[in-house]
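The structure under discussion appears below in the form of structure tokens.
Protein chains in written order, with this note's numbering: chain Z, 10 to 275; chain F, 209 to 526.
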């Protein structure tokens, strides 16, 4: 058991090493992607600075520091998820083209093998940006500890939601567009604005199918004033999403194995 | 090495009807891709598994490698059940699926080999030795450190085959290993496969539409069509069974002019005649006596009918 864990860890570290080396092959493009992502994210803070300046430094009880924390947690979590588990962005294509076969004939966990097989370079820009913003926002050890914790939970939620949507490809075919809309237009957008500006029905969505509340709003609230019950809810939501992901991935793989039109080449 | 008993695989096939409604609500029916097949492959054999498109070749390979699960029958590969022991089996098999590359395009092949070392849990101090051994067998010392995208197609294919050998599999599944390659590269790939077999006595299970691959590499052929095995025998026996016809090339010392064209004569050049004879029904002594009358024969060659014609005949007759 211990040997298996060590072997798996060794494989994941090697996979990360070579995905990073492969990404670094085009050095100019590598650095350009990172820099442009930092600039892209930077504009949002300028936007928020202007909005807060107009509104006497608060919007529906939300301070500029809250926005800073939001923009420190979400890009960093997105960055970690896509740097180290960027292969999930290819999952739908692998399913549609039958390319998952290559992972099935290898002696490692299929999910980890797929997830660690690619690094999204621009996500390094997101991580750098998130950490840079955190440097401005964090003012105590307690805040630092909570920040690290919520980047971790946010990363898990990004990984889970992406896996679930991409696995839908097993049932519906092309799920890549849906995944793009879900992640960029719903999850990231909902996680980038104060919860108080959303209407009740949108909040229902943010606490259920699009876990923006657990990814950004509750963590910011917890950094402001710690509440063990609220922290418990964040943990429970993460565990629920993990279980859902495992269930859907397993069901999907079973269906992939039982046909889905992929094995009909011969 | 491979034991297959009554193996079957059904898929649900959707047939789209006419119009929008037909597209929205396709009819579903069972499609039997592999239908109750049985065969076994011994250690060290190189077996060709052929059939027309849609015959069930790739589906069978995918079941044998644990990618998809059968709907009926049993199988063991290297003593393991591919359905229940996918991971354990993966350590014992190597696969190359057509033009799907297992190499990282932006990295040198040696990096992929090192990653494969970690994939197959090969100890750190052992992997470099294994890589050197494999590189030597395939003669790829000069290209091993070049990024794969900069290699020619032929070099890449040899590196692909070499990558299968890093973990020393007991069985290798090759699905269309020479598809899309020119004749020179094909020959290099075939030689690499033979080298690999010679060096390790590995069992090789090969599918290919290129019958040149099969004639060059395999002694035994399994033909599958519409999900059923229709032939499983030695390639030479198959040829004998299906085609007793042979092409006889007769070379004369001088130009010949008075050859009587009959049903035997396929073509005539200045000093050469090609006959097509059925060895089962033709009296060869009489034929040769007749053709010796036309001049001094300097060479006679009997050429068997190409495998391609044999397979074509089998496909079209089923």
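Each residue gets a CB set at the ideal place from its N, CA and C atoms; glycine is no exception.
* Asked: Quick one: Cα of residue 28 of chain Z to Cα of residue 163 of chain Z, how far?
  -> Sequence index remark: in the first chain, residue 28 of chain Z carries index 19 (1-based). Sequence index remark: in the first chain, residue 163 of chain Z carries index 154 (1-based). Per the coordinates, the alpha-carbon of residue 28 of chain Z lies some 23 Å from the alpha-carbon of residue 163 of chain Z.
* Asked: Would you say residue 327 of chain F reaches chain Z, if we count a Cβ-Cβ gap shorter than 8 Å as a contact?
  -> By 1-based counting over the second chain, the position of residue 327 of chain F is 119. Yes, because at least one Cβ of chain Z sits closer than 8 Å to the Cβ of residue 327 of chain F.
* **Where residue 384 of chain F falls, given that 16 or more other Cβ within 10 Å makes a residue buried** => Position 176 of the second chain holds residue 384 of chain F. Sixteen is the threshold: when 16 or more other Cβ atoms of the shown chains lie within 10 Å of the Cβ of residue 384 of chain F, as they do, the residue is buried.
* To do: Measure the Cβ-Cβ separation of residue 325 of chain F and residue 318 of chain F and say whether it is below 8 Å.
  => Translated into positions along the second chain, residue 325 of chain F becomes position 117. Translated into positions along the second chain, residue 318 of chain F becomes position 110. The answer is no: Cβ separation not under 8 Å.
* Asked: Going along the chain, which unbroken runs of the alpha helix (DSSP H) with 4 or more residues stay wholly within the segment 111-153 of chain Z?
  -> Under the rule that a run must span 4 or more residues, the alpha helix (DSSP H) segments found entirely inside the segment 111-153 of chain Z read 119-124 and 131-146.
* Asked: Hey, residue 286 of chain F and residue 272 of chain F are a contact pair by Cβ (cut 8 Å); roughly how many whole angstroms apart?
  -> As a working note, residue 286 of chain F is residue 78 in the second chain. As a working note, residue 272 of chain F is residue 64 in the second chain. Incorrect: roughly 10 Å between the Cβ atoms, too far for contact.
* Can you tell me whether residue 138 of chain Z is buried or exposed, with buried defined as 16 or more other CB within 10 angstroms of its CB? -> Within the first chain, residue 138 of chain Z is the residue found at index 129, counting from 1. Residue 138 of chain Z should be labelled buried.
* Can you tell me the Cα-Cα spacing of residue 218 of chain Z and residue 387 of chain F, whole angstroms? -> Here residue 218 of chain Z refers to the residue found at position 209 of the first chain. Here residue 387 of chain F refers to the residue found at position 179 of the second chain. Between residue 218 of chain Z and residue 387 of chain F, the C-alpha separation is close to 46 Å.
* **Of the residues F:235, F:472 and F:284, the one placed nearest residue 214 of chain F, counting alpha carbons only** => Residue 214 of chain F sits at position 6 when you count from the first residue of the second chain. Nearest C-alpha to residue 214 of chain F: F:284.
* To do: Note down, in chain order, each residue of its chain lying with its Cβ closer than 6 Å to the Cβ of residue 235 of chain F, except the 5 sequence neighbours on either side.
  => Here the question's residue 235 of chain F lines up with position 27 in the second chain. So the qualifying residues of the chain are 223.
* Nonlocal neighbours in the same chain, by C-beta distance under 7 Å from residue 246 of chain Z, ignoring five residues either side -> Position 237 of the first chain, counted from the first residue, corresponds to residue 246 of chain Z. Cβ within range, chain order: 220 and 223.
* **Contact under 8 Å by Cβ, residue 432 of chain F with residue 257 of chain F** => As a first step, residue 432 of chain F is located in the second chain; it is residue number 224 there, counting from the start. As a first step, residue 257 of chain F is located in the second chain; it is residue number 49 there, counting from the start. Residue 257 of chain F sits close to residue 432 of chain F, with the two beta carbons spaced by under 8 Å.
* Under a CB-based cut-off of 8 Å, is residue 323 of chain F close to chain Z? -> Stepping through the second chain from its first residue, residue 323 of chain F is reached at position 115. Yes, contact with chain Z.
* **Bridge partners - residue 232 of chain F, DSSP secondary structure assignment** => Counting from 1 along the second chain, the entry for residue 232 of chain F is found at position 24. Assignment of beta-bridge partners to residue 232 of chain F by DSSP yields no partner.
* Asked: Name the chain A residues that come within less than 7 Å of residue 305 of chain F, Cβ to Cβ?
  -> Chain labels in this structure do not include chain A; the protein chains are Z and F.
* Going along chain Z, which residues have a C-beta under 9 Å from residue 273 of chain F? -> The sequence position of residue 273 of chain F within the second chain is 65, counting from 1. Going along chain Z in sequence order, the residues near residue 273 of chain F (Cβ under 9 Å) are 110, 113 and 114.
* Residue ranges of each alpha helix (DSSP H) run of no fewer than 4 residues wholly in the segment 427-465 of chain F, ordered along the chain? -> If we require 4 residues or more, the alpha helix (DSSP H) runs fully inside the segment 427-465 of chain F come out as 443-450.
* First and last residue of the beta strand (DSSP E) that includes residue 230 of chain Z? -> Position 221 of the first chain holds residue 230 of chain Z. Looking at the DSSP string, residue 230 of chain Z is not in any beta strand (DSSP E); the run it does join, the alpha helix (DSSP H), is 227-233.
* Go ahead and pull the three-state DSSP assignment for residue 411 of chain F. => Residue mapping note: residue 411 of chain F aligns to position 203 of the second chain, counting from 1. In the structure shown, residue 411 of chain F sits in a strand (DSSP, three-state: E or B).
* So which residues on chain Z does residue 502 of chain F lean against when the C-beta distance must stay under 9 Å? -> Here the question's residue 502 of chain F lines up with position 294 in the second chain. Under the 9 Å cutoff, chain Z gives no residues; its nearest Cβ is about 51 Å from residue 502 of chain F.
* To do: Please list the partners that residue 19 of chain Z has in chain F, where partner means a Cβ-to-Cβ separation under 7 Å.
  => Here the question's residue 19 of chain Z lines up with position 10 in the first chain. The answer, in chain order, is 326.
* Asked: Since residue 34 of chain Z meets chain F, which of its residues come closer than 8 Å, beta carbon to beta carbon?
  -> In the first chain, counting from the first residue as 1, residue 34 of chain Z sits at position 25. Within chain F, the residues placing a beta-carbon under 8 Å from that of residue 34 of chain Z are 314, 315 and 355, ordered along the chain.
* **Listed by chain order, chain F residues near residue 101 of chain Z by CB distance under 7 Å** => Along the first chain, one-based indexing puts residue 101 of chain Z at 92. Chain F residues near residue 101 of chain Z: none, gap ~17 Å exceeds 7 Å.
* **Contact list for the segment 244-261 of chain F against chain Z, Cβ threshold 7 Å** => Listed by position, the residues of the segment 244-261 of chain F near chain Z (Cβ gap below 7 Å) amount to none.
* With a cut-off of 8 Å on the beta carbons, I'd call residue 160 of chain Z and residue 225 of chain Z a contact; round off their distance for me. => One-based indexing of the first chain puts residue 160 of chain Z at position 151. One-based indexing of the first chain puts residue 225 of chain Z at position 216. About 11 Å; that fails the 8 Å criterion.
* Measuring CB to CB, does residue 110 of chain Z end up less than 8 Å from residue 381 of chain F? -> Taking the first residue of the first chain as position 1, residue 110 of chain Z is located at position 101. Taking the first residue of the second chain as position 1, residue 381 of chain F is located at position 173. Going by beta carbons, residue 110 of chain Z and residue 381 of chain F fall outside the 8 Å limit.
* **Within chain F, partners of residue 27 of chain Z - CB distance below 7 Å** => As a working note, residue 27 of chain Z is residue 18 in the first chain. In chain order: 312, 315, 319 and 323.
* From the DSSP output, which residues share a beta bridge with residue 252 of chain Z? -> One-based indexing of the first chain puts residue 252 of chain Z at position 243. According to DSSP, which records beta bridges pairwise, residue 252 of chain Z is partnered with nothing at all.
* Asked: Is the shortest distance between the beta-carbon of residue 24 of chain Z and the beta-carbons of chain F less than 8 Å?
  -> Numbered from 1 along the first chain, position 15 holds the residue referred to as residue 24 of chain Z. Interface criterion met: the Cβ of residue 24 of chain Z is under 8 Å from a Cβ in chain F.
* To do: Starting from residue 42 of chain Z, follow the alpha helix (DSSP H) in both directions and report where the run begins and ends.
  => Residue 42 of chain Z sits at position 33 when you count from the first residue of the first chain. First-last of the alpha helix (DSSP H) with residue 42 of chain Z: 36-63.
* For the segment 273-352 of chain F, list the alpha helix (DSSP H) runs that are entirely contained and at least 4 residues long, ordered along the chain. => Positions of the alpha helix (DSSP H) runs, each at least 4 residues long and wholly inside the segment 273-352 of chain F, are given as 294-300, 317-327 and 332-346 in order along the chain.
* Asked: At a CB-CB cut-off below 9 Å, which residues of chain F make contact with residue 124 of chain Z?
  -> Position 115 of the first chain holds residue 124 of chain Z. For residue 124 of chain Z, there are no neighbours in chain F by C-beta distance under 9 Å, as the nearest C-beta there is about 15 Å away.
* Mind pulling the chain F residues with CB within less than 7 Å of residue 16 of chain Z? -> Here residue 16 of chain Z refers to the residue found at position 7 when the first chain is read from its first residue. Within chain F, the C-beta atoms nearer than 7 Å to that of residue 16 of chain Z come from 329, in chain order.
* Starting from residue 214 of chain F, trace the beta strand (DSSP E) both ways and give me its first and last residue. => Taking the second chain and counting its residues from 1, one reaches residue 214 of chain F at position 6. Where residue 214 of chain F is concerned, the enclosing beta strand (DSSP E) stretches over 210-223.
* **Status (buried if at least 16 other CB within 10 Å, exposed otherwise) for residue 229 of chain Z** => Here the question's residue 229 of chain Z lines up with position 220 in the first chain. Label assigned to residue 229 of chain Z: buried.
* Asked: Going along chain Z, which residues have a C-beta under 8 Å from residue 523 of chain F?
  -> Counted from its first residue, the second chain places residue 523 of chain F at position 315. Those within 8 Å of residue 523 of chain F in chain Z number zero; the least Cβ separation is about 14 Å.
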